[in-house]
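Participant: Chains as they are written, first to last, in my numbering: chain A, 1440 to 1570; chain B, 8 to 209. I have a structure I would like to understand better, so I am pasting it below and will then ask my questions one at a time.
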């Protein structure tokens, strides 16, 4: 047998492989590992988004925005209070608006804003995954 | 890598995947379809596992490395251009993974002199029809790895030498000696064993 024909035969023999009975299980394990890896990646992306959101909130807080938001909240309270006292003085059916409109203070407002930023960050990270 | 993002719900049904060509499946996998890639693993898993076992890996290690090779292939599926067979591409990845491990515990020594120990058994067994797995078992570890890399994984001698981080001449010597032994052991019953055939190499 010539060298070349033997080498060709050897390549054919290497190509001719046994089919293992657990081939479906092997494929399932590969798919499983891919899925686990992908789930972990999504978790990491989400976590990165959340951390980014927290950092953004901290940066905004450090910039004195919350003080201004608090002041705006107080102004809002005063405005609503003034409106409610005016309407109460006018003896209209809207006399209780002032009490109903003040269930939160300035801190609540910025916490809500922070949560909104977090939600936005998560939404953003999810959008990147879908691209 | 570019994050694959196709959701499972957009993947074709299993029966459809089974009827698809490898190239179609790799295109789907490149878009992030893990089920399409699973079909590729189902089709070609045995070939990759068999190659690793023939290279000398224990069955459990061969299975682990084959899985690692498929995962690595999925990660870099965008690099697969379809110029060759998908299974050949994964085989080369798997072979390189095995070589990485193998090199940690073994060193490819230069070939010196004639391996008389093996030369004695080749002639006697020539009358028997021995399959490739059995014949490979008669090779030294280095010969087996070199021959499997070149004829099983389809690497050139230079690529094998680079993967093994060994001199090209050393790899060629191991391949030649391995081929000589295989030729003797795989010879058909009654086939004449000429000195030329016995000594032929790469």
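Yeah, the Cβ is synthetic: ideal placement off N, Cα and C, and Gly gets one too.
#1: Quick one: is residue 53/B near chain A, going by C-beta distance under 8 Å?
#2: Going by the CB atoms, is the gap between residue 28/B and residue 212/B shorter than 8 Å?
#3: Distance check for residue 1557/A and residue 73/B, CA to CA, integer angstroms please.
#4: Please list, in chain order, all residues of the same chain as residue 77/B whose beta carbon is under 7 Å from its beta carbon, the five residues on each side excluded.
#5: In terms of alpha-carbon separation, which member of 70/B, 89/B and 46/B lies closest to residue 105/B?
#6: Below 8 Å on the Cβ atoms is my contact criterion, and I expect residue 172/B with residue 110/B to pass it. Report the Cβ-Cβ distance as a whole number of Å.
#7: Establish whether the CB of residue 93/B and some CB of chain A are separated by less than 8 Å.
#8: Please state if the CB of residue 25/B and the CB of residue 151/B are separated by a distance shorter than 8 Å.
#9: What span of residues does the alpha helix (DSSP H) with residue 1454/A cover, start to end?
#10: Using CA coordinates, which residue listed in 1507/A, 1527/A, 1546/A and 1481/A is at the minimum distance from residue 1563/A?
#11: Would residue 214/B count as contacting chain A if we go by Cβ distances under 8 Å?
#12: Taking all protein chains shown into account, decide if residue 90/B is buried (16 or more other Cβ within 10 angstroms of its Cβ) or exposed.
#13: Can you find a CB in chain B that lies within less than 8 Å of the CB of residue 1563/A?
#14: Whole angstroms are fine: how far does the CA of residue 1468/A sit from the CA of residue 187/B?
#15: Note down the Cα distance separating residue 130/B from residue 82/B, rounded to an integer number of angstroms.
#16: Taking contact to mean 3 or more Cβ pairs, one atom from each stretch, closer than 8 Å, check whether the stretch 1451-1463 of chain A and the stretch 53-60 of chain B are in contact.
#17: How would you label residue 46/B, buried or exposed, when you count the other beta carbons within 10 angstroms and need 16 or more for buried?
Facilitator: Considering the structure as presented:
#1: Against the second chain, residue 53/B aligns to sequence position 46. Chain A places a beta carbon closer than 8 Å to that of residue 53/B, counting this residue as a contact.
#2: Only positions 8 to 209 of chain B appear in the structure, and residue 212/B is not among them; the question remains open.
#3: Counted from its first residue, the second chain places residue 73/B at position 66. Counted from its first residue, the first chain places residue 1557/A at position 118. Note on geometry: alpha-carbon atoms of residue 73/B and residue 1557/A lie some 41 Å from one another.
#4: Residue mapping note: residue 77/B aligns to position 70 of the second chain, counting from 1. When the five nearest sequence neighbours on each side are left out, the beta carbons in the same chain lying within less than 7 Å of the beta carbon of residue 77/B are those of 48 and 97, in order along the chain.
#5: Position 98 of the second chain, counted from the first residue, corresponds to residue 105/B. When only C-alpha atoms are compared, the closest one is 70/B.
#6: Walking along the second chain from the start, residue 172/B turns up at place 165. Walking along the second chain from the start, residue 110/B turns up at place 103. About 7 Å separates the Cβ atoms of residue 172/B and residue 110/B, confirming a contact at the 8 Å cut-off.
#7: In the second chain, residue 93/B corresponds to position 86, counting from 1. Interface annotation, residue 93/B: not in contact with chain A, CB-CB separation never under 8 Å.
#8: Locating residue 151/B in the second chain gives position 144, where the first residue counts as 1. Locating residue 25/B in the second chain gives position 18, where the first residue counts as 1. In this structure, residue 151/B sits away from residue 25/B, with a CB-CB distance that is not shorter than 8 Å.
#9: Counted from its first residue, the first chain places residue 1454/A at position 15. It spans 1442-1454 - the alpha helix (DSSP H) in which residue 1454/A sits, taken as one unbroken run.
#10: For this step, residue 1563/A is matched to residue 124 along the first chain. Looking at the Cα atoms, 1481/A is the closest of the given residues.
#11: Since the first residue shown for chain B is 8 and the last is 209, residue 214/B is missing from the structure and cannot be characterised.
#12: As a working note, residue 90/B is residue 83 in the second chain. Residue 90/B is exposed by the Cβ-count criterion.
#13: Position 124 of the first chain, counted from the first residue, corresponds to residue 1563/A. Using a Cβ-Cβ cut-off of 8 Å, residue 1563/A does not count as an interface residue toward chain B, since no Cβ of chain B sits closer than that to its own.
#14: Within the second chain, numbered from 1, the residue matching residue 187/B stands at position 180. Within the first chain, numbered from 1, the residue matching residue 1468/A stands at position 29. Cα to Cα, the separation comes out at about 39 Å.
#15: Position 123 of the second chain, counted from the start, is the residue given in the question as residue 130/B. Position 75 of the second chain, counted from the start, is the residue given in the question as residue 82/B. Unreliable placement is indicated for residue 130/B, whose pLDDT of 42 sits below 50; no coordinate value is reported for it.
#16: The stretch 1451-1463 of chain A is in contact with the stretch 53-60 of chain B.
#17: As a first step, residue 46/B is located in the second chain; it is residue number 39 there, counting from the start. By the Cβ-count criterion, residue 46/B is buried, with 16 or more other Cβ atoms from all chains shown falling within 10 Å of its own Cβ.
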